[in-house]
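S.K.:
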Amino acid sequence: MRSVLLDGMRMLDLTDEKGALCGKMFADMGAEVIKVEPPQGCSTRRIPPFLDDEPGLEHSLYFLAFQAGKRSITLNLESAEGRELLKQLVKRSDFLVEAFPLGYLESLGLGYDTLAELNPRLIHASITPFGDKGPGKDYKAADIVSWASGGAMFLMGQEGRPPLQMSVPQAWLHAGAEAAVASMIAHYPRQADGLGQHIVVNAQACVVWTLMNEQAMPLLHGDYLRRSGVFTGAIGGRRKTVYQCKDGHVSFLIAGGAYFNSTNAVIAWMKEEGAAPAWLAEGGGLKTLTPSGFMAASAADLKELDDAEEAVQSFFLTKTKKELWQNILQRRLFGAPLANAADIADDAQLKARDYFVTVDHAGLGRKFTLPGAFAKMSETPVGPQGAAPQLGQHNREIYGGLLGLSKTEIVELRAAGII
Amino acid sequence: MSHLPFAGIRILDFTWYAVGPVTTKYFADYGADVVRIESAARLDGLRLAPPWKDAHPGVNNSQFFASFNTSKRGLALDMSKPRAREIFLKMLPWADVVTESFTPKTLRNWGLDYASMRAIKPDLIMLSTCMQGQTGPHRDYPGFGNLMAALSGFYHISGYSEAEPCPPYGAYTDFIAPRFSACALIAALDYRRRTGKGQFIDMAQYEASLHNVAPMLVDYFASGRVLGPTGNRSERYTPHGAYRCTDEDGHERWIAIAVADDSEWQALIAVMGNPPVDARFATMLGRFHDQAALDEFVGSIVRTRGADELTVALQAAGVSAYPVQNCMDLHRDENLEAFGFWHWLDHKEMGPSPYEGLEHRMSRTPGGLQRPAPALGQHTDEVLGEILGMAAAEIEELKREKVIY
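Sequences listed follow chains S and L, in order. Under this note's numbering, the letters of the first sequence match residues 1 to 419, in that order. Under this note's numbering, the letters of the second sequence match residues 420 to 824, in that order.
1. Listed from N- to C-terminal order along the chain, which residues in the stretch 521 to 553 of chain L have their beta-carbon within a distance smaller than 7 Å of any beta-carbon of chain S?
2. So, using beta-carbon positions, are residue 837 (chain L) and residue 205 (chain S) closer together than 9 Å?
3. Please report whether the beta-carbon of residue 424 (chain S) lies at a distance below 9 Å from any beta-carbon of chain L.
4. Where DSSP assigns a beta bridge to residue 557 (chain L), which residues make up the other side?
5. By how many angstroms is the C-alpha of residue 445 (chain L) removed from the C-alpha of residue 433 (chain L)?
6. Count the other C-beta atoms from every protein chain shown that fall within 10 angstroms of the C-beta of residue 411 (chain S), then say buried if there are 16 or more, exposed otherwise.
7. For residue 713 (chain L), which residues in the same chain have their Cβ closer than 8 Å to its Cβ, ignoring the five residues on either side in sequence?
8. With distances taken Cα to Cα, identify the nearest neighbour of residue 776 (chain L) among L:526, L:763 and L:608.
9. Taking 9 Å as the CB-CB limit, is residue 380 (chain S) close to chain L?
10. Among the residues of its own chain, which have a CB less than 8 Å from the CB of residue 420 (chain L), if the five just before and after it don't count?
11. Using 8 Å as the cut-off, can you tell me whether the stretch 92 to 111 of chain S makes contact with the stretch 61 to 73 of chain S, which would need three or more C-beta pairs spanning the two stretches below that distance?
12. Check residue 595 (chain L) in the structure and name its three-state DSSP category.
13. Measure the CB-CB distance between residue 115 (chain S) and residue 87 (chain S) and report whether it falls below 9 Å.
14. What distance in whole Å lies between the Cβ atoms of residue 627 (chain L) and residue 368 (chain S), which are believed to be in contact at a cut-off of 8 Å?
15. Measure the C-alpha to C-alpha separation of residue 36 (chain S) and residue 414 (chain S) and round it to an integer number of angstroms.
16. Quick check: residue 738 (chain L) and residue 645 (chain L), are their CB atoms within less than 9 Å of each other?
17. Answer yes or no: does any C-beta atom of chain S fall closer than 9 Å to that of residue 731 (chain L)?
18. How is residue 673 (chain L) classed by DSSP in three states: helix, strand or coil?
19. Taking CB distances under 9 Å as the criterion, tell me whether residue 99 (chain S) reaches chain L.
20. Can you find a C-beta in chain L that's less than 9 Å from the C-beta of residue 96 (chain S)?
21. Does the beta carbon of residue 235 (chain S) sit closer than 9 Å to a beta carbon anywhere in chain L?
22. Going by C-alpha to C-alpha distance, which of S:16, S:191, S:182 and S:167 sits closest to residue 468 (chain S)?
23. Look up residue 430 (chain L) in the DSSP assignment and give the residues it is bridged to.
24. Should residue 547 (chain L) and residue 592 (chain L) be called a contact, given that it needs their Cβ atoms to be closer than 9 Å?
25. How long is the line joining the alpha carbons of residue 400 (chain S) and residue 409 (chain S), rounded to whole angstroms?
26. Skipping 5 residues on each side, what residues in its chain have a beta carbon closer than 6 Å to that of residue 91 (chain S)?
27. Please state whether DSSP places residue 529 (chain L) in a helix, a strand or coil.
28. Cβ closer than 9 Å: which chain S residues qualify as neighbours of residue 760 (chain L)?
29. Measure the C-alpha to C-alpha separation of residue 702 (chain L) and residue 249 (chain S) and round it to an integer number of angstroms.
30. In whole angstroms, what is the alpha-carbon distance linking residue 524 (chain L) and residue 343 (chain S)?
31. Just to confirm, are residue 647 (chain L) and residue 557 (chain L) a CB contact at a threshold of 9 Å?
32. Mind checking whether the beta-carbon of residue 545 (chain L) lies closer than 8 Å to any heavy atom of the ligand PLP?
33. Rounded to a whole number of angstroms, what is the C-alpha to C-alpha distance between residue 815 (chain L) and residue 471 (chain L)?
34. In the DSSP assignment, what residue or residues form a beta bridge with residue 548 (chain L)?
35. Can you tell me whether residue 185 (chain S) is helix, strand or coil according to DSSP?
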């Protein structure tokens, strides 16, 4: 059943990977999201990995993940007839999101001003790498380039070695989600006064917003943070955040402040198992940490923390991720296993909350399991509304049903390469 | 009279740390009256963390707190005291939305669950956001976004190899979840306007964040493949990575480059002055086949270039590239500057302080930082006077009893 949260709202999604998550969030909230694809298919259909390792327009698991619940039509915007069809769709839509190079839609006569004349209610979000004003407004940006531009990349990796991105690139997901929030903010007054507007989303700024408290550090404390592998330089000191265990890694932090009780609890656990070295077992805990101070100050203090990290590391090496996780939960430690996809799929909490959702993909004759509701809403449940569409799957429904074209007209448009 | 989108929307905001405050910041920066209810007895941890004004710690000196709490009013109320809870319940009918981000048992212990609040305010919208959600065996798991980033897979896909994990910086998932919770909350307000119905939003940071690794999960369920850390390798671009440029004033500088096809590769080689190139590297396939050698080659030709000038040259030739900016560079970045990203606001105690702006701009109803973050209890008198009509004498008495601050 469709979510009624955004009942009756229609979004035209002209994006590629730079905005796929925006339309996905709207689809999850019950909006009708029409993915407008060029006749050769959206470029996100070509993003690995592929189902059964067989590349194909319907096989991209990236596409299957982020286009789920949308409808697909094909439309050649480079043709005059195609542009006319888009205008007809715009008249009947509430939102439009796109991530074209700046000026591209204007060059086709489809810029915001033109579209707003056709439909003053339209909320048009343009997702850009660097905004629409600076020297980089026309720059190209693959995800890794946006990740670098916003400062997140510099902080990932080891000293002296290249800065890193994640195996699932993140920058454009932040930008897509930001486009969703901004579109919703604009939606709220629009439903009262009937006026839409144009939104420019800046991916670089979105990545800056992942830096937590580091952005202002250089101005207030005089220096910037360096990357340091598994150590954190945040909040003073240099503490280890990732420990090895028997079958992987676990995140844990020995520190005071909010981490004080957790640090003592792991020492108590080590004592219980006779695994605490004598200096730690007999000394009554770490001398240098306090409930109020996050970090120790003197060199001697730091030595004690280094020694404690070494002892905890030896202890964790005797435990599996699962054992550590059980104890983290029971003993209320501040820790977490470095979960991989298999761990997440098997997680008891997600199962208890019926998180994952399986959808039927009729065209492929397969079922796909997707991340479920991003929030549990008591009156208007949200979540995946179906499988990702096949290329042009909804041409007849949208062009015939929504725009009222005849079957003959649709056949002609197809023959002419317009849809 | 404000014409901002959320003018007239009132939020009583118990959230702390990052996810909740960043969520309600969207509302405050767009005109909602967001009253941050803080306890002086149990401070928001961000008030106790740097960066500090002049590197000097103090509850009203943290830019960490300030960044996430612009445009809000501050009410200091010690909710562990029954009289404070009475005051809150008296304020409740004024509010459209209540938000909180404690572990689920906290509000239960105060006797303030959604059902009891709804009895007073029937169309109330409430957002509860915590690590793992309000139900399930792990609902009371306490944690921060750095741990959630490990639990939801981000740490595992970060590193040079399985043996060399290199997690993303900080409480990463704290900066994923707010966009999802803000969407849910705005949509709930819109739904209430249409139907008259409020609702309860149970937001698990975990469940929102997993959307940012959706392809990894869909792949696992479909094929059993377990994605690991792949360094900077890509299956779509080659070369693809960060390469060291010349140092500047003793600081290392790197450039990120992603080459999508052979014509971009030729453009890159031309920008580099047509150095001799191994014939294998002429095609995508050839470059994919020996990426270690390719990275070494690209690294060698980039090493003598400046990250900024090389970016301009590569972009002019149609190649995707940008300097790997550090946090100092971001304050000199001309694209962020042109977007008007940084703002200096005059905080009550900190004086002029640097704030991040919005990540988007609107043409008709532009939002923005309406005012700096509140000092602890800065608006206690004002809020209680305005909402409850509380007299100065009563406010003084409550302060003496440390119910309010």
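By construction, the Cβ of each residue, glycine as well, lies at the ideal position given by its N, Cα and C atoms. Since the structure is predicted, the reported quantities are computational estimates derived from the model, not experimental observations.
M.R.: Looking at the coordinates:
1. The stretch 521 to 553 of chain L vs chain S, Cβ under 7 Å: 551 and 552.
2. Absent from the structure is residue 837 (chain L), since the part of chain L shown begins at 420 and ends at 824.
3. The displayed coordinates of chain S run from 1 to 419. Any statement about residue 424 (chain S) would go beyond what the structure contains.
4. On the second sequence, position 138 is the one that residue 557 (chain L) refers to. Answer by DSSP bridge pairing: none, since residue 557 (chain L) is not bridged.
5. Position 14 of the second sequence, counted from the first residue, corresponds to residue 433 (chain L). Position 26 of the second sequence, counted from the first residue, corresponds to residue 445 (chain L). Each residue's alpha carbon lies about 15 Å from the other.
6. Numbered from 1 along the first sequence, position 411 holds the residue referred to as residue 411 (chain S). Label assigned to residue 411 (chain S): exposed.
7. Along the second sequence, one-based indexing puts residue 713 (chain L) at 294. Result list for residue 713 (chain L): 657, 658, 700 and 706, in chain order.
8. If you number the second sequence from 1, residue 776 (chain L) lands on position 357. Ranking the options by Cα distance to residue 776 (chain L), first place goes to L:763.
9. To locate residue 380 (chain S), count along the first sequence from 1; it is residue 380. Yes - at least one Cβ of chain L is within 9 Å of the one on residue 380 (chain S).
10. As a first step, residue 420 (chain L) is located in the second sequence; it is residue number 1 there, counting from the start. For residue 420 (chain L), the predicted model reports a pLDDT of 39, less than 50, meaning its position is unreliable; a value from the coordinates is still stated below. Same-chain partners within the cutoff: 426.
11. The stretch 92 to 111 of chain S is not in contact with the stretch 61 to 73 of chain S.
12. The residue labelled residue 595 (chain L) in the question sits at position 176 within the second sequence. Coil.
13. What you label residue 115 (chain S) is simply residue 115 of the first sequence in a count that begins at 1. What you label residue 87 (chain S) is simply residue 87 of the first sequence in a count that begins at 1. Yes. Within cutoff.
14. Taking the first residue of the first sequence as position 1, residue 368 (chain S) is located at position 368. Taking the first residue of the second sequence as position 1, residue 627 (chain L) is located at position 208. Actually they are not in contact, since the Cβ atoms of residue 368 (chain S) and residue 627 (chain L) sit about 20 Å apart, beyond 8 Å.
15. Against the first sequence, residue 36 (chain S) aligns to sequence position 36. Against the first sequence, residue 414 (chain S) aligns to sequence position 414. Straight through space, the alpha carbons of residue 414 (chain S) and residue 36 (chain S) are spaced by roughly 15 Å.
16. One-based indexing of the second sequence puts residue 738 (chain L) at position 319. One-based indexing of the second sequence puts residue 645 (chain L) at position 226. For residue 738 (chain L) and residue 645 (chain L), no; Cβs fall outside 9 Å.
17. What you label residue 731 (chain L) is simply residue 312 of the second sequence in a count that begins at 1. True, the Cβ-Cβ gap to chain S drops below 9 Å.
18. Working through the second sequence from its first residue, we reach residue 673 (chain L) at position 254. DSSP places residue 673 (chain L) in strand when its eight states are reduced to three.
19. Taking the first sequence and counting its residues from 1, the one referred to as residue 99 (chain S) is at position 99. Using beta-carbon distances, residue 99 (chain S) does not count as an interface residue toward chain L, since no partner is under 9 Å.
20. Position 96 of the first sequence, counted from the first residue, corresponds to residue 96 (chain S). Look at residue 96 (chain S): its C-beta is not under 9 Å from any C-beta on chain L.
21. As a working mapping, residue 235 (chain S) is identified with position 235 in the first sequence. Note on residue 235 (chain S): pLDDT 49, under 50, position unreliable in the model; the coordinate value appears next. Closer than 9 Å: yes.
22. Not covered by the structure: residue 468 (chain S). The range shown for chain S is 1 to 419.
23. Here residue 430 (chain L) is taken as the residue at index 11 of the second sequence, counted from 1. Answer by DSSP bridge pairing, in chain order: L:453 and L:516.
24. Taking the second sequence and counting its residues from 1, the one referred to as residue 547 (chain L) is at position 128. Taking the second sequence and counting its residues from 1, the one referred to as residue 592 (chain L) is at position 173. Cβ atoms of residue 547 (chain L) and residue 592 (chain L): not closer than 9 Å.
25. By one-based count along the first sequence, residue 400 (chain S) stands at place 400. By one-based count along the first sequence, residue 409 (chain S) stands at place 409. Each residue's Cα considered, the two are about 9 Å apart.
26. By one-based count along the first sequence, residue 91 (chain S) stands at place 91. The answer, listed in chain order, is 118 and 119.
27. For the purposes of this step, residue 529 (chain L) is taken as the residue at position 110 of the second sequence. Of the three classes helix, strand and coil, the one that applies to residue 529 (chain L) here is coil, per DSSP.
28. Counting from 1 along the second sequence, the entry for residue 760 (chain L) is found at position 341. Near residue 760 (chain L) (Cβ distances below 9 Å), the residues of chain S are 131, 202, 204, 205 and 208.
29. The residue you call residue 702 (chain L) lines up with position 283 of the second sequence. The residue you call residue 249 (chain S) lines up with position 249 of the first sequence. C-alpha separation (whole angstroms): 38 Å.
30. Here residue 524 (chain L) refers to the residue found at position 105 when the second sequence is read from its first residue. Here residue 343 (chain S) refers to the residue found at position 343 when the first sequence is read from its first residue. Distance between the alpha carbons of residue 524 (chain L) and residue 343 (chain S): 27 Å.
31. Working through the second sequence from its first residue, we reach residue 647 (chain L) at position 228. Working through the second sequence from its first residue, we reach residue 557 (chain L) at position 138. Cβ distance not < 9 Å, so residue 647 (chain L) and residue 557 (chain L) don't count as in contact.
32. Absence of the ligand PLP is noted for the structure shown, with no ligands found whatsoever.
33. Against the second sequence, residue 815 (chain L) aligns to sequence position 396. Against the second sequence, residue 471 (chain L) aligns to sequence position 52. Straight-line Cα distance between these residues: approximately 30 Å.
34. On the second sequence, position 129 is the one that residue 548 (chain L) refers to. Residue 548 (chain L) is bridged to L:622.
35. For this step, residue 185 (chain S) is matched to residue 185 along the first sequence. The three-state secondary structure of residue 185 (chain S), taken from DSSP, is helix.
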